[in-house]
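For reference, the structure is listed below as structure tokens.
Protein chains: 2
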Amino acid sequence: MALIECIPNVSDGRRAELIERIASAVSVTPGVRLLDHSSDPSHNRSVFTFAGDTDGVERAIMAVFDVAVANIDLRSHKGEHPRLGAVDVVPFVPIEGVTMADCVALAKKVGAAVAARFGVPVYLYEEASDNPVRKNLEDIRRGEFEGLPTKMATAGWAPDFGPATPHPTAGASVIGARMALVAYNINLATDRLDVAKKIASAIRHSSGGYRYVKAAGFKLEDRGIVQVSMNLTNYEKTPIFRVFETVKREAARYGVAILESEIVGLVPSAALTAAAEFYLQMAGFTPQQILETRLRAESTPHQQDQQSVIQSVIN
Amino acid sequence: MALIECIPNVSDGRRAELIERIASAVSVTPGVRLLDHSSDPSHNRSVFTFAGDTDGVERAIMAVFDVAVANIDLRSHKGEHPRLGAVDVVPFVPIEGVTMADCVALAKKVGAAVAARFGVPVYLYEEASDNPVRKNLEDIRRGEFEGLPTKMATAGWAPDFGPATPHPTAGASVIGARMALVAYNINLATDRLDVAKKIASAIRHSSGGYRYVKAAGFKLEDRGIVQVSMNLTNYEKTPIFRVFETVKREAARYGVAILESEIVGLVPSAALTAAAEFYLQMAGFTPQQILETRLRAESTPHQQDQQSVIQSVIN
Numbered sequence: 019m020a021l022i023e024c025i026p027n028v029s030d031g032r033r034a035e036l037i038e039r040i041a042s043a044v045s046v047t048p049g050v051r052l053l054d055h056s057s058d059p060s061h062n063r064s065v066f067t068f069a070g071d072t073d074g075v076e077r078a079i080m081a082v083f084d085v086a087v088a089n090i091d092l093r094s095h096k097g098e099h100p101r102l103g104a105v106d107v108v109p110f111v112p113i114e115g116v117t118m119a120d121c122v123a124l125a126k127k128v129g130a131a132v133a134a135r136f137g138v139p140v141y142l143y144e145e146a147s148d149n150p151v152r153k154n155l156e157d158i159r160r161g162e163f164e165g166l167p168t169k170m171a172t173a174g175w176a177p178d179f180g181p182a183t184p185h186p187t188a189g190a191s192v193i194g195a196r197m198a199l200v201a202y203n204i205n206l207a208t209d210r211l212d213v214a215k216k217i218a219s220a221i222r223h224s225s226g227g228y229r230y231v232k233a234a235g236f237k238l239e240d241r242g243i244v245q246v247s248m249n250l251t252n253y254e255k256t257p258i259f260r261v262f263e264t265v266k267r268e269a270a271r272y273g274v275a276i277l278e279s280e281i282v283g284l285v286p287s288a289a290l291t292a293a294a295e296f297y298l299q300m301a302g303f304t305p306q307q308i309l310e311t312r313l314r315a316e317s318t319p320h321q322q323d324q325q326s327v328i329q330s331v332i333n
Numbered sequence: 019m020a021l022i023e024c025i026p027n028v029s030d031g032r033r034a035e036l037i038e039r040i041a042s043a044v045s046v047t048p049g050v051r052l053l054d055h056s057s058d059p060s061h062n063r064s065v066f067t068f069a070g071d072t073d074g075v076e077r078a079i080m081a082v083f084d085v086a087v088a089n090i091d092l093r094s095h096k097g098e099h100p101r102l103g104a105v106d107v108v109p110f111v112p113i114e115g116v117t118m119a120d121c122v123a124l125a126k127k128v129g130a131a132v133a134a135r136f137g138v139p140v141y142l143y144e145e146a147s148d149n150p151v152r153k154n155l156e157d158i159r160r161g162e163f164e165g166l167p168t169k170m171a172t173a174g175w176a177p178d179f180g181p182a183t184p185h186p187t188a189g190a191s192v193i194g195a196r197m198a199l200v201a202y203n204i205n206l207a208t209d210r211l212d213v214a215k216k217i218a219s220a221i222r223h224s225s226g227g228y229r230y231v232k233a234a235g236f237k238l239e240d241r242g243i244v245q246v247s248m249n250l251t252n253y254e255k256t257p258i259f260r261v262f263e264t265v266k267r268e269a270a271r272y273g274v275a276i277l278e279s280e281i282v283g284l285v286p287s288a289a290l291t292a293a294a295e296f297y298l299q300m301a302g303f304t305p306q307q308i309l310e311t312r313l314r315a316e317s318t319p320h321q322q323d324q325q326s327v328i329q330s331v332i333n
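Below, the structure written as structure tokens:
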């Protein structure tokens with residue numbers, strides 16, 4: 019069974035009634051489950067997290083556009099967070115039984131449908147974009163809603179779907195596909211901020227570290243310790259355990275130990291299972307051996323294998 | 019949402035048509051999913067694995083009894099595996115959102131229902147039994163079907179439910195609750211069987227090792243290596259990572275390294291997550307942070323917390 023996560027960022031974080039209507043539009047959609055939603059009044063932005071099968075996720079995101087396009091007017095929208103449209107960003111994330119290519123196809127299908135139904139221009143981003151200068155969200159969003167008329171008239175910035183002018187109130191939307199993001203922090207048993215900053219610099223992509231790590235060093239004043247705070251943007255290609263072991267080794271060079279690590283928010287089961295596989299040196303393990311994964315898949319009869327027989331003679 | 023696993027062992031491993039009828043009786047039951055079934059002709063025994071919510075699991079096991087009691091005659095049953103009844107053993111296993119006490123209550127409810135509907139006497143076992151000498155399956159099954167009339171007439175061996183005489187064709191059933199069993203092997207980079215046997219002896223309960231480990235040493239002739247083959251009977255109280263680390267340390271004492279480890283068959287997600295938590299020194303982690311677990315639970319809105327905000331400033 020396909021399981022896709024979708025995390026639309028909507029440009030309103032203040033009108034509780036509107037936010038509830040959007041949440042409810044997702045909740046009542048068959049085939050999806052609303053996992054979480056949070057709103058930030060100073061950003062004036064809400065993030066909804068839901069997951070389900072391909073058809074369910076498509077229906078739910080169209081329902082989000084329905085409510086948001088009818089009720090949000092970017093001409094009067096103010097907030098700290100940069101934004102381009104009423105439904106600002108829509109990533110589709112493969113979780114289980116589905117490939118990145120499936121999520122790219124879904125992003126393109128939804129992009130075409132949004133342009134056709136609402137007249138909102140759509141830019142594809144990340145894995146869904148074939149254009150190397152239009153993959154990065156920040157590049158696409160630069161200039162924001164107010165700069166859209168000029169930007170869209172510039173060579174190379176026609177949208178992937180819909181009109182070459184912004185929707186008068188809903189602006190434009192950025193829709194794409196990416197891997198699940200894991201927010202991961204490692205706390206060090208020291209109050210030396212320079213150590214956290216040096217380690218962050220060593221492991222993050224921008225300064226020569228791992229390809230899918232963003233990192234910064236922070237002081238946790240109330241606890242008298244420091245933290246290497248990270249976003250892992252592709253936990254398959256840059257797995258948690260490799261980052262952990264590298265931070266541990268780099269910290270040892272300064273005589274510092276790891277106090278603990280923590281995952282902020284949600285994490286796909288596979289990101290944790292990979293750590294178990296690594297440390298336990300597991301051979302030949304497949305996700306189909308996880309009972310909960312099997313519960314969502316087809317059942318298959320099999321002959322008792324040799325190893326099961328060995329098990330039965332143990333006393 | 020409650021998730022309970024049930025693994026009935028049925029005394030027929032040869033009649034494919036009957037085995038399919040039992041499998042199908044489970045498959046068509048709402049609220050449960052048949053995860054696996056395997057049959058061993060020489061044991062003349064089939065094992066079905068299914069999971070679901072409390073009501074679904076209860077309906078499915080009654081459906082298994084329906085077909086098995088009507089079609090299996092222990093008077094003419096022959097096979098290598100010891101057995102007491104047509105539906106020989108029925109364990110209920112807590113997987114998620116459910117306690118051992120819930121599974122004990124379900125075992126007692128099903129035991130009473132089986133006795134009432136089919137006239138089959140039922141013995142409770144493991145966690146469902148309050149009688150210390152009637153917890154162990156082997157003790158209850160000793161004497162097998164043929165010895166039941168004598169055993170049941172013996173003081174202390176009246177069944178927990180139903181008549182004090184065996185069902186003429188279906189014998190008696192043993193129903194109870196236990197933790198999920200993890201079949202776990204560690205392969206050593208050596209051909210020295212004595213090392214595998216010494217390590218098995220060091221870690222298994224029966225010779226002074228961990229409370230919930232059964233273990234034996236084997237030679238894997240075709241690969242020229244040896245294996246410590248284990249059943250972990252309570253992965254919460256004796257976790258996989260602790261067993262792995264102990265085997266690794268004991269092997270090092272003989273100059274032997276661990277080649278790999280392997281899980282045979284199904285494993286609950288929590289057993290692997292615990293290993294990730296241990297090795298990554300994770301603090302404050304809850305199962306509700308696993309995306310797939312959240313998918314089966316209620317959705318809850320929340321305010322963006324401080325750490326999420328920290329994450330958003332990382333570049």
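Residue numbers (our numbering), protein chains in the order written: chain L, 19 to 333; chain R, 19 to 333. Ideal Cβ positions, reconstructed from N, Cα and C, are used throughout, including at glycine.
Straight-line gap, residue i to residue j (C-alpha atoms, nearest Å)
i	j	result
GLN324(R)	LEU238(L)	In this prediction, GLN324(R) has a pLDDT of 35, which is less than 50 and means its spatial position is unreliable; nothing more can be read from the coordinates.
SER29(L)	VAL265(L)	37 Å
ALA134(L)	THR72(L)	20 Å
ILE328(L)	SER247(R)	Here ILE328(L) scores only 37 on pLDDT, less than 50, and its place in the model should not be relied on; the value that follows carries that caveat. Roughly 8 Å between the two C-alpha positions.
TYR230(R)	ASP209(L)	41 Å
GLU35(L)	ILE79(L)	19 Å
VAL122(R)	MET300(L)	33 Å
THR311(L)	ALA125(L)	25 Å
PHE262(R)	ILE204(R)	8 Å
PRO177(R)	PHE83(R)	18 Å
ARG93(R)	SER147(R)	28 Å
LEU199(R)	SER219(R)	19 Å
LEU250(R)	ILE258(R)	8 Å
VAL285(R)	ARG159(L)	45 Å
TYR141(R)	ALA104(R)	14 Å
GLN321(R)	VAL192(R)	Annotation note: pLDDT 37 at GLN321(R) (below 50); position unreliable, no value reported.
ALA41(R)	GLY70(R)	15 Å
ILE243(R)	LEU211(R)	8 Å
ILE37(L)	ALA270(R)	59 Å
THR117(R)	MET19(R)	12 Å
ILE113(R)	TYR143(L)	39 Å
Chain-ordered neighbours of residue i on chain R, where CB pairs are closer than 8 Å
i	result
SER279(L)	LEU298, GLN299, MET300 and ALA301
ILE113(L)	LEU309 and GLU310
SER287(L)	SER287, THR291, ILE308, LEU309, GLU310 and THR311
Partner residues on chain R for residue i, Cβ-Cβ distance less than 9 Å
i	result
ILE258(L)	ALA294 and LEU298
GLU23(L)	LEU309
SER219(L)	Ordered by position in chain R, no residue passes the 9 Å Cβ test against SER219(L), which lies about 12 Å from the chain.
Bridge partner(s) assigned by DSSP for residue i
i	result
ARG142(R)	Inspection of the sequence shows that residue 142(R) is occupied by Leu rather than by Arg. According to DSSP, which records beta bridges pairwise, LEU142(R) is partnered with ILE193(R).
GLU23(L)	ALA69(L) and VAL111(L)
MET170(L)	Partner(s): none; MET170(L) has no beta bridge.
VAL285(R)	ILE308(L)
VAL151(R)	VAL151(R) pairs with nothing; no bridge assigned.
ARG51(R)	ALA69(R)
PHE179(R)	VAL140(R)
ASP58(R)	ARG63(R)
ALA294(L)	Paired residues: none, contrary to the question.
VAL28(L)	SER64(L) and VAL105(L)
MET300(R)	SER279(L)
Per-residue contacts from residue i into chain L (C-beta, under 9 Å)
i	result
THR117(R)	Neighbours of THR117(R) on chain L: none; closest Cβ ~17 Å, over 9 Å.
Proximal chain L residues relative to residue i, where beta-carbon distance stays under 7 Å
i	result
ALA130(R)	By Cβ distance, chain L contributes nothing, its closest Cβ being about 28 Å from ALA130(R), past 7 Å.
Neighbour list for residue i in chain L, Cβ cutoff strictly below 8 Å
i	result
ALA69(R)	LEU309 and LEU313
ILE276(R)	GLN299
Close Cβ partners of residue i (< 7 Å) along its chain, the five nearest in sequence each way excluded
i	result
LYS215(R)	GLY235
ASP157(L)	VAL151
ALA340(L)	The shown model of chain L, from 19 to 333, leaves out residue 340(L), and the question about it has no answer.
Amino acids of chain R, ordered along the chain, whose beta-carbon sits closer than 7 Å to that of residue i
i	result
THR291(L)	LEU290
ILE40(L)	Near ILE40(L) there are no residues of chain R at all, since even the closest Cβ is about 11 Å away, more than 7 Å.
PHE262(L)	LEU298
Beta-carbon contacts of residue i that lie in its chain and below 8 Å, excluding the five residues immediately before and after
i	result
THR308(R)	Here residue 308(R) turns out to be Ile, not Thr, going by the sequence shown. The residues are SER287 and THR291.
Heavy atom of the ligand PLP within 7 Å of residue i beta-carbon
i	result
THR311(L)	By its list of ligands, the structure shown contains no ligand whatsoever, and the ligand PLP lies outside what it can speak to.
Cut-off 6 Å between Cβ atoms - residues of its own chain near residue i, not counting five sequence neighbours on either side
i	result
PRO181(R)	PRO139
PRO59(R)	GLY31 and ARG32
Hey, which unbroken runs of the alpha helix (DSSP H) at 4 residues or more fall wholly within the segment 203-244 of chain L?
-> 211-221
Jot down the residue ranges of each uninterrupted alpha helix (DSSP H) in the segment 240-282 of chain L, minimum 4 residues, whole runs only, in chain order.
-> 258-270
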